[in-house]
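To start, the structure itself, in structure tokens.
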Amino acid sequence: MSDLQGYSSKNVFRTGPQLPNTIWAIGGGKGGIGKSFISSSLAMCLTRMGKSVTLVDLDLGSANLHTCLGIKIPNESLSDFVSGRVDDLSKIAVTTEIPGLNFISGFNDALNIADLDMNAKQRLITALRNIQTPYVILDLGAGTSENTLDFFLAADQKIVAVTPEPTSIENAYRFMKAAFYRRLRQAEGELGIQSLIEAAMDSRNQHGIRSPADLIRHIASVNPEAGLRLQTKISDFQLQLLLNQVRTREDIEIGTSMKSVCRKYFGIESNYLGYIDHDNAVWQALRKRRPLMVEFPYSAIVGQFLRVTKNLINPQSLRAVV
Amino acid sequence: MSQREQTNYYEILEITPDAAATEIHKAYQRARQTYSQDNPALYSMFSPEEARELLRLIDEAYSVLGNQATRKNYDESLGNRSSGSPGTSSKPIQTPSAATSTPVRPMEVVSATKAQSAPSSPMGFSSEVSDQYKVKRSELQKAAATPGQGRTSLSTYKLDDSFESEITNASEFDGGFLQRVRLYKNISIDKMSDATRISRPYLMAVETNDYKSLPAAVFVRGFVVQIARQLGLDENRAATSYMKLFKAGGGK
Numbered sequence: 001m002s003d004l005q006g007y008s009s010k011n012v013f014r015t016g017p018q019l020p021n022t023i024w025a026i027g028g029g030k031g032g033i034g035k036s037f038i039s040s041s042l043a044m045c046l047t048r049m050g051k052s053v054t055l056v057d058l059d060l061g062s063a064n065l066h067t068c069l070g071i072k073i074p075n076e077s078l079s080d081f082v083s084g085r086v087d088d089l090s091k092i093a094v095t096t097e098i099p100g101l102n103f104i105s106g107f108n109d110a111l112n113i114a115d116l117d118m119n120a121k122q123r124l125i126t127a128l129r130n131i132q133t134p135y136v137i138l139d140l141g142a143g144t145s146e147n148t149l150d151f152f153l154a155a156d157q158k159i160v161a162v163t164p165e166p167t168s169i170e171n172a173y174r175f176m177k178a179a180f181y182r183r184l185r186q187a188e189g190e191l192g193i194q195s196l197i198e199a200a201m202d203s204r205n206q207h208g209i210r211s212p213a214d215l216i217r218h219i220a221s222v223n224p225e226a227g228l229r230l231q232t233k234i235s236d237f238q239l240q241l242l243l244n245q246v247r248t249r250e251d252i253e254i255g256t257s258m259k260s261v262c263r264k265y266f267g268i269e270s271n272y273l274g275y276i277d278h279d280n281a282v283w284q285a286l287r288k289r290r291p292l293m294v295e296f297p298y299s300a301i302v303g304q305f306l307r308v309t310k311n312l313i314n315p316q317s318l319r320a321v322v
Numbered sequence: 323m324s325q326r327e328q329t330n331y332y333e334i335l336e337i338t339p340d341a342a343a344t345e346i347h348k349a350y351q352r353a354r355q356t357y358s359q360d361n362p363a364l365y366s367m368f369s370p371e372e373a374r375e376l377l378r379l380i381d382e383a384y385s386v387l388g389n390q391a392t393r394k395n396y397d398e399s400l401g402n403r404s405s406g407s408p409g410t411s412s413k414p415i416q417t418p419s420a421a422t423s424t425p426v427r428p429m430e431v432v433s434a435t436k437a438q439s440a441p442s443s444p445m446g447f448s449s450e451v452s453d454q455y456k457v458k459r460s461e462l463q464k465a466a467a468t469p470g471q472g473r474t475s476l477s478t479y480k481l482d483d484s485f486e487s488e489i490t491n492a493s494e495f496d497g498g499f500l501q502r503v504r505l506y507k508n509i510s511i512d513k514m515s516d517a518t519r520i521s522r523p524y525l526m527a528v529e530t531n532d533y534k535s536l537p538a539a540v541f542v543r544g545f546v547v548q549i550a551r552q553l554g555l556d557e558n559r560a561a562t563s564y565m566k567l568f569k570a571g572g573g574k
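Those protein sequence lines, which keep their order, are chains W and G.
Residue 1 is where the first sequence starts when you use the numbering used here, and the numbers rise one by one after that.
Residue 323 is where the second sequence starts when you use the numbering used here, and the numbers rise one by one after that.
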């Protein structure tokens with residue numbers, strides 16, 4: 001069996017003073033589009049670049065990220081942290097045989113993402129922020145539950161995975177809309193402009209409001225100061241689009257089109273990170289329960305993941321690519 | 323006034339105001355592809371009607387920004403507006419879907435003679451002008467039945483045997499000839515623009531043989547085919563002849 005099934009004792013957590021980490025979250029609404037595969041592959045690309053990473057399986061209820069990594073189900077998982085049995089995420093993180101990669105499992109049949117109450121969620125987000133590896137990657141589950149959206153919004157890089165199929169595209173947009181309105185709701189609470197937004201939404205037909213971009217413009221016209229503060233507040237809602245399972249040249253262009261659609265609909269810039277080809281190597285590696293990066297380290301698809309990872313690390317190169 | 327899609331032509335094509343001509347052209351092609359009906363990336367975000375309106379707006383933006391002269395006028399209008407109202411760098415326009423009030427349209431800036439025309443249709447033509455083009459079917463039928471009168475899908479006109487003969491025997495279809503045929507057949511340039519979806523500046527550039535102001539050859543050929551079709555000319559002959567002159571005249 002796999003030589004990755006055991007765990008090394010090498011600890012990749014930083015020691016010394018607390019340093020901020022960078023959180024990447026991978027969402028996308030639809031199940032089966034490769035979120036876990038993408039999460040694990042991005043994490044391994046980071047380790048290849050010499051960065052330490054903690055990979056967190058937040059697909060509570062149907063966690064299986066450990067399978068993508070080719071390791072056994074860890075004895076401890078997030079449910080131990082949520083229940084209070086463990087007070088530090090580093091205690092439930094396991095190190096893998098991939099140098100620099102830590103893993104926190106979400107595997108527990110009893111725990112579902114919807115079961116997290118507000119306090120547990122906030123405590124978990126704070127703990128994720130305090131993880132002492134430079135990068136933390138969150139593998140989110142399917143759907144648009146509030147908790148999933150809150151973890152997505154808490155991330156520094158909000159990656160939306162999508163495949164070129166209409167069902168995936170539809171769900172990706174649904175996910176983006178849900179996340180955007182969740183962010184808007186957070187912002188309106190912080191800025192105290194609930195009444196302004198409610199009034200606008202009540203008479204949206206009258207004002208021609210049909211998209212978030214229209215809503216923000218309307219608020220800016222009614223109350224320029226509030227509009228400016230709102231725009232500033234939601235400016236961190238910058239999505240990173242990643243197209244998976246691409247088969248044709250036309251498929252590649254879907255990412256560019258979605259970027260344009262997001263701009264016209266939300267009125268906010270998103271980035272087309274890049275695309276990952278549909279490749280038989282993926283299921284071959286998965287069937288063997290070995291990570292793609294280990295099984296086929298020199299495949300073209302690994303090169304695509306490395307390029308996407310570089311784009312995420314260095315926004316300057318992102319602008320040059322897209 | 324509706325807030326929907328108040329933006330300028332550069333934002334519609336998603337380019338910066340200092341974009342080079344090639345960038346504008348590429349952005350236009352990309353935008354056309356993005357908002358075409360069969361693009362799955364539109365699915366569930368924009369209805370077919372909204373996508374059509376966006377396409378019209380994109381065409382309109384390109385008709386202005388794709389031509390150096392009209393772009394210069396437009397840029398000047400943006401500059402004037404931004405200097406008049408601090409904090410705004412661009413002049414807002416309104417999408418067709420929100421044309422419930424009187425929008426300030428860039429085409430009005432480009433054409434001073436149209437500056438006073440009032441509420442515009444989605445393509446930038448005033449409703450008055452559009453109404454002017456509406457010819458009642460019964461009138462057309464009546465005209466077609468009248469001896470000595472010819473008819474196209476857009477107009478009726480008085481037949482001139484000598485000019486008809488010249489058209490039949492024509493071997494060179496330059497811009498001037500196309501213009502003469504259009505005027506002979508009583509088709510205004512606005513009407514031609516409406517029917518072919520080719521912007522007025524491009525139609526005028528074709529008719530004045532202003533090859534430098536026209537886009538790449540493949541597009542110009544398409545323009546000439548469209549125009550010839552409306553004029554009832556042999557499309558292939560007209561396009562082949564015009565393209566020879568276009569290439570010889572230094573077209574792109």
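Every residue, glycine too, gets a C-beta built ideally from N, C-alpha and C.
Bear in mind that the values here come from a model prediction, so they are computed numbers and not experimental data.
Could you please give me the residues that DSSP links to residue i through a beta bridge?
{"i": "Tyr135 of chain W", "result": "W:Thr22, W:Val53"}
{"i": "Ile276 of chain W", "result": "Answer is none; Ile276 of chain W lacks a bridge partner."}
{"i": "Gly472 of chain G", "result": "G:Tyr479"}
{"i": "Gly573 of chain G", "result": "Partner(s): none; Gly573 of chain G has no beta bridge."}
{"i": "Val162 of chain W", "result": "W:Leu243"}
{"i": "Val94 of chain W", "result": "W:Phe103"}
{"i": "Leu555 of chain G", "result": "Bridge partners of Leu555 of chain G: none, in fact."}
{"i": "Gln157 of chain W", "result": "W:Trp24"}
{"i": "Leu140 of chain W", "result": "W:Leu58"}
Can you tell me the Cα-Cα spacing of residue i and residue j, whole angstroms?
{"i": "Arg290 of chain W", "j": "Glu165 of chain W", "result": "27 angstroms"}
{"i": "Arg307 of chain W", "j": "Phe545 of chain G", "result": "42 angstroms"}
{"i": "Ala538 of chain G", "j": "Asn508 of chain G", "result": "29 angstroms"}
{"i": "Ile234 of chain W", "j": "Ala187 of chain W", "result": "7 angstroms"}
{"i": "Ile137 of chain W", "j": "Leu230 of chain W", "result": "28 angstroms"}
{"i": "Lys566 of chain G", "j": "Arg354 of chain G", "result": "28 angstroms"}
{"i": "Ser448 of chain G", "j": "Asp516 of chain G", "result": "Interpretation of Ser448 of chain G is limited by its pLDDT of 29, a score under 50 that renders its predicted location unreliable; no figure is taken from the coordinates."}
{"i": "Asn311 of chain W", "j": "Tyr331 of chain G", "result": "29 angstroms"}
{"i": "Gln548 of chain G", "j": "Glu557 of chain G", "result": "8 angstroms"}
{"i": "Thr474 of chain G", "j": "Ser535 of chain G", "result": "29 angstroms"}
{"i": "Asp88 of chain W", "j": "Val56 of chain W", "result": "14 angstroms"}
{"i": "Thr126 of chain W", "j": "Ile209 of chain W", "result": "36 angstroms"}
{"i": "Arg459 of chain G", "j": "Arg374 of chain G", "result": "Interpretation of Arg459 of chain G is limited by its pLDDT of 34, a score under 50 that renders its predicted location unreliable; the figure taken from the coordinates is listed afterwards. Cα to Cα, Arg459 of chain G sits roughly 27 angstroms from Arg374 of chain G."}
{"i": "Arg249 of chain W", "j": "His278 of chain W", "result": "12 angstroms"}
{"i": "Asn64 of chain W", "j": "Pro74 of chain W", "result": "11 angstroms"}
{"i": "Phe107 of chain W", "j": "Val160 of chain W", "result": "23 angstroms"}
{"i": "Phe499 of chain G", "j": "Gly554 of chain G", "result": "13 angstroms"}
{"i": "Ala200 of chain W", "j": "Arg182 of chain W", "result": "17 angstroms"}
{"i": "Ser493 of chain G", "j": "Ser563 of chain G", "result": "7 angstroms"}
{"i": "Val457 of chain G", "j": "Tyr275 of chain W", "result": "Note that Val457 of chain G has pLDDT 31, beneath the 50 cutoff, so the model's placement of it is unreliable and the number below is only indicative. Cα-Cα distance, rounded: 52 angstroms."}
{"i": "Ile104 of chain W", "j": "Arg217 of chain W", "result": "42 angstroms"}
{"i": "Ala560 of chain G", "j": "Arg378 of chain G", "result": "27 angstroms"}
{"i": "Ile346 of chain G", "j": "Asn171 of chain W", "result": "32 angstroms"}
Whole-angstrom Cβ separation of residue i and residue j, contact assumed at under 8 angstroms?
{"i": "Tyr272 of chain W", "j": "Leu241 of chain W", "result": "5 angstroms"}
{"i": "Leu124 of chain W", "j": "Val82 of chain W", "result": "7 angstroms"}
{"i": "Tyr265 of chain W", "j": "Met367 of chain G", "result": "6 angstroms"}
{"i": "Ser270 of chain W", "j": "Leu243 of chain W", "result": "Between Leu243 of chain W and Ser270 of chain W the Cβ distance is about 12 angstroms, and since that is not below 8 angstroms, they are no contact."}
Going by other Cβ atoms of all chains shown within 10 Å of its Cβ, with 16 needed for buried, is residue i buried or exposed?
{"i": "Val261 of chain W", "result": "buried"}
{"i": "Thr490 of chain G", "result": "exposed"}
{"i": "Tyr298 of chain W", "result": "exposed"}
{"i": "Val53 of chain W", "result": "buried"}
{"i": "Asp361 of chain W", "result": "Since the first residue of chain W shown is 1 and the last is 322, residue 361 of chain W is not available in this structure."}
{"i": "Leu196 of chain W", "result": "buried"}
{"i": "Phe485 of chain G", "result": "exposed"}
{"i": "Val503 of chain G", "result": "buried"}
{"i": "Asp214 of chain W", "result": "buried"}
{"i": "Ala285 of chain W", "result": "buried"}
{"i": "Gln471 of chain G", "result": "exposed"}
{"i": "Lys480 of chain G", "result": "exposed"}
{"i": "Pro370 of chain G", "result": "exposed"}
{"i": "Leu387 of chain G", "result": "buried"}
{"i": "Glu295 of chain W", "result": "buried"}
The segment 329 to 349 of chain G: positions lying closer than 7 angstroms to chain W by Cβ: Glu336
Residues from the segment 360 to 372 of chain G in contact with chain W, defined by Cβ distance under 9 angstroms: Asn361, Pro362, Ala363, Leu364, Tyr365, Ser366, Met367, Phe368, Glu372
Selection of the segment 259 to 286 of chain W by Cβ proximity to chain G, strictly under 8 angstroms: Ser260, Val261, Arg263, Lys264, Tyr265
Contact residues within the segment 519 to 548 of chain G, judged by C-beta distance below 8 angstroms to chain W: none
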